[in-house]
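Note sheet for the following structure.
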Amino acid sequence: RGPLLSRLAVASLHLQNYDIAKRCIIERRISHRSSMLPLESAAIVRGLLRCHHTMEAWEVLEDELSLPLEGSVQWENYNEENNKRNKNEMNDDELHLEDESIRRRL
604 RGPLLSRLAV ASLHLQNYDI AKRCIIERRI SHRSSMLPLE SAAIVRGLLR
654 CHHTMEAWEV LEDELSLPLE GSVQWENYNE ENNKRNKNEM NDDELHLEDE
704 SIRRRL
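Read left to right, the sequence shown gives residues 604 to 709 (the working numbering).
Here it is, written out as structure tokens:
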């Protein structure tokens with residue numbers, strides 16, 4: 604049902620019917636968050652931008668790219684992975700190319 608809502612939102616945006624698209628986007632975000640695919644979100648963002656709804660497009664992007672909510676299982680996993688990565692970087696005395704390029708830009 605989530606992919607159908609995405610397709611309906613994109614079709615509605617093609618027909619310049621923002622009200623239906625908005626309802627589909629909200630329902631998709633609330634009820635079908637676990638099955639949201641990036642390609643569907645990209646199509647929605649393109650449709651919103653095509654209709655000059657840039658603020659709504661940014662909201663979809665921020666929602667899709669946001670970090671997990673604090674206190675959730677995903678948040679705990681995210682923190683554990685970051686802590687492991689930071690410990691590995693601190694123990695590693697080598698200078699990495701990524702770090703070098705970032706320092707050059709700064």
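Note that beta-carbon positions come from the ideal geometry of N, C-alpha and C, so glycine has one too.
These numbers come from a predicted model, not from an experiment.
In the DSSP assignment, residue 658 falls within the unbroken alpha helix (DSSP H) covering 657-668. Judged by DSSP secondary structure, residue 615 falls within the alpha helix (DSSP H) whose first and last residues are 605-617. Straight-line spacing of the CA atoms in residue 628 and residue 608 works out to 7 angstroms. Taking all protein chains shown into account, residue 645 has fewer than 16 neighbouring C-beta atoms within 10 Å of its C-beta and is therefore exposed. In the DSSP assignment, residue 649 falls within the alpha helix (DSSP H) that extends over 641-653.
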